[in-house]
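Engineer: Questions regarding the structure given below will be posed in turn.
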Amino acid sequence: VDRLHVCCKQADPCTSLTCPNGYIYKSNIGALTCQFGECNVTTNDLFRCCDTAAHCDTLSCGHGFTPDPLAFDTYCPATTCDINRDRDLCCEMPPSDALLGSHVSTELRASDDTYCQGTTCIESRDLFWCCERGMALSYYRFLPLELRQSGSTVVQMSDFFLYNQQVLVDGYDSAVFYCDPCDTPVNLREEPYNLGDNNGETKWLDYSSNAFFVRLPVAQPAFSYSFVTGNDEPQRDPVRWQLWGSPNNIDWVILHEVKDRTTGLSIVPLDRKTTTGQIQVDVPCYSPTGSYIDNSANITCQEGDLIQHGNNCTPACLPGFTADVDQITCLDGELSPITFACDADAGNGTV
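Take -18 as the starting number for the sequence shown in the numbering used here and just add one per residue.
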């Protein structure tokens, strides 16, 4: 033992190794050593001492922020990104819209072929004349919950449509329909892409009642939707379902839900290759924008960045601060009250 230094030499601690961009020190770095004496980042020492860091593109920036284009080679300081820690690192505030201020980025969408009530547009007078509430989303998900034949899981549908102001959303012929997971027939002839071909002779079928997704070419609101029954087997019709929407395929919110069979049976025709007619969606709300609320959490609602119509937002403040309201309610795309303040707790030393 006293001649150990003749045959061996002490390995360098991992703390002497600098983890390269895209890596972070392991959580137990203080107890780790490199493999062959002096640390070398080009050897197995990299993986002995460092973990892979999460890239900024895995972070959902949330309402009022967009991914920072300069963060294409930026990583969060951990194996996963955290919105409260990393938003300033990975995201930036988008420029405000010059015409309608913050309204365009939240729940108001311009109407086509409508003119202001004067030779110039005035927001205080013309905002609700020109715009209606809606949330521009890129992803939609239809989730069957129950079929006409109770207990069955084999669902089918011929076509599915999304509408903006009673007409098909822009670029719907370029929308991508897909499933994940999928349990479709092996013949590949009854895949989700059939839902967008406007052909009653084709259909989507899934043996396990999995959801299908629609990805639009550009984000836009859908105020209503419809679907067409399959060419056979009425027992495969959905009679309870949910329609979800998302701006980023990460944060999702329910846009419409048929909760009971009676309602669903009144909507979905028994006749084959027949439309349901347009079904109105409920407009959700974004959480209040944190950049305008001092001492709020980055995501200002405990429930998340998207609030379903008819549901409540529980305001979220930083430690040492308490919201001046207990709840904010989302009704048809509008928050009530529209915002909140984070007041300092007694004794926290804030002036």
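We put the beta carbon where it would ideally sit given N, CA and C, even for glycine.
Treat the numbers as computed from the prediction; the structure is a model and nothing was measured.
So Cys(-5) and Leu13 are supposed to be a Cβ contact under 8 Å. How far apart are they, rounded?
Structural biologist: One-based indexing of the sequence shown puts residue -5 at position 14. One-based indexing of the sequence shown puts residue 13 at position 32. Their Cβ separation, rounded to whole angstroms, is 4 Å, which keeps Cys(-5) and Leu13 in contact under 8 Å.
Engineer: Just mark Tyr159 as buried or exposed, buried being the case when its beta carbon has 16 or more other beta carbons within 10 Å.
Structural biologist: The residue given as residue 159 occupies position 178 in the sequence shown. The residue is exposed, with fewer than 16 neighbouring Cβ atoms inside 10 Å.
Engineer: Tell me whether the stretch 165 to 176 and the stretch 231 to 240 touch, counting them as touching only if at least three CB pairs, one residue from each stretch, are closer than 8 Å.
Structural biologist: no
Engineer: Is it buried or exposed, Ser(-3), if we count other Cβ atoms within 10 angstroms and call 16 or more buried?
Structural biologist: The count along the sequence shown starts at 1 and reaches residue -3 at position 16. Looking at its Cβ environment, which holds fewer than 16 other Cβ atoms inside 10 Å, Ser(-3) is exposed.
Engineer: With DSSP collapsed to three states, give me the class of Gln216.
Structural biologist: Looking up residue 216 in the sequence shown gives position 235. Correct three-state label for Gln216: helix.
Engineer: Suppose you measure from the CA of Trp185 to the CA of Asn168; what does that come to, to the nearest Å?
Structural biologist: Taking the sequence shown and counting its residues from 1, the one referred to as residue 185 is at position 204. Taking the sequence shown and counting its residues from 1, the one referred to as residue 168 is at position 187. Spanning the two alpha carbons is a distance of roughly 12 Å.
Engineer: Going straight from the alpha carbon of His36 to that of Leu51, what length do you get?
Structural biologist: Translated into the one-based positions of the sequence shown, residue 36 becomes position 55. Translated into the one-based positions of the sequence shown, residue 51 becomes position 70. Cα-Cα distance, rounded: 13 Å.
Engineer: So Phe194 is in the beta strand (DSSP E); what residue range does that whole segment cover?
Structural biologist: By one-based count along the sequence shown, residue 194 stands at place 213. Note, Phe194: beta strand (DSSP E), Phe193 to Gln201.
Engineer: Taking the beta carbon of Gly291 as the centre, do at least 16 other beta carbons fall within 10 Å, making it buried, or is it exposed?
Structural biologist: The sequence position of residue 291 within the sequence shown is 310, counting from 1. The residue is exposed, with fewer than 16 neighbouring Cβ atoms inside 10 Å.
Engineer: Could you spell out the range, first to last residue, of the alpha helix (DSSP H) harbouring Cys242?
Structural biologist: By 1-based counting over the sequence shown, the position of residue 242 is 261. Reading off the sequence, residue 242 comes out as Arg, not Cys. Element bounds for Arg242: Arg242 to Ile248.
Engineer: Hey, which unbroken runs of the alpha helix (DSSP H) at 4 residues or more fall wholly within the stretch -13 to 20?
Structural biologist: Secondary structure within the stretch -13 to 20: not one fully enclosed alpha helix (DSSP H) run of 4 or more consecutive residues is present.
Engineer: Provide the residue(s) that pair with His237 in DSSP beta bridges, ordered along the chain.
Structural biologist: Here the question's residue 237 lines up with position 256 in the sequence shown. Looking at the DSSP assignment, His237 forms a beta bridge with Leu224.
Engineer: Between the C-alpha atoms of Leu312 and Phe204, what's the straight-line distance to the nearest angstrom?
Structural biologist: Along the sequence shown, read from residue 1 onward, the residue named residue 312 stands at position 331. Along the sequence shown, read from residue 1 onward, the residue named residue 204 stands at position 223. C-alpha of Leu312 to C-alpha of Phe204: approximately 15 Å in a straight line.
Engineer: Compute the Euclidean distance between the alpha carbons of Gly245 and Cys72, then round it to the nearest angstrom.
Structural biologist: In the sequence shown, residue 245 corresponds to position 264, counting from 1. In the sequence shown, residue 72 corresponds to position 91, counting from 1. Going by the C-alpha atoms only, they are around 42 Å apart.
Engineer: Jot down the residue ranges of each uninterrupted beta strand (DSSP E) in the stretch 259 to 290, minimum 3 residues, whole runs only, in chain order.
Structural biologist: Listed in chain order, they are 277 to 282.
Engineer: Counting only runs of 3+ residues fully inside the stretch 115 to 140, write out the beta strand (DSSP E) ranges in chain order.
Structural biologist: Fully enclosed beta strand (DSSP E) runs of 3 or longer: 118 to 128 and 136 to 138.
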